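Here's the structure, in structure tokens; my notes come after.
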């Protein structure tokens, strides 16, 4: 996998290290980014299951009622 070097604010990195409980700054930031991506995939999987029939046209959503 390709590596990318970026510069981050030291206070931000220390906060990430404390929250993650990891002593290595690079490992801490990587863990947070991986968790963020995994959480996004889990959210997509949950919402896709509910929206799939509407998206594919299998179920037509009801018309909004005026009242």
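In the UniProt record's numbering, the protein residues as written are 1 to 67.
Just so you know, even glycine gets a beta-carbon here, dropped at the ideal spot from N, CA and C.
In this text the structure is predicted, and so the values were computed from the model without any measurement.
Between the CA atoms of residue 30 and residue 11 - distance to the nearest angstrom | 16 Å
Taking all protein chains shown into account, do 16 or more other C-beta atoms lie within 10 angstroms of the C-beta of residue 28, making it buried, or fewer, making it exposed?
-> buried
Using three-state DSSP, classify residue 28 as helix, strand or coil.
-> helix
Whose CA, out of 32, 41 and 63, lies closest to the CA of residue 16?
-> 32
For residue 25 and residue 3, the rounded distance between their alpha carbons | 15 Å
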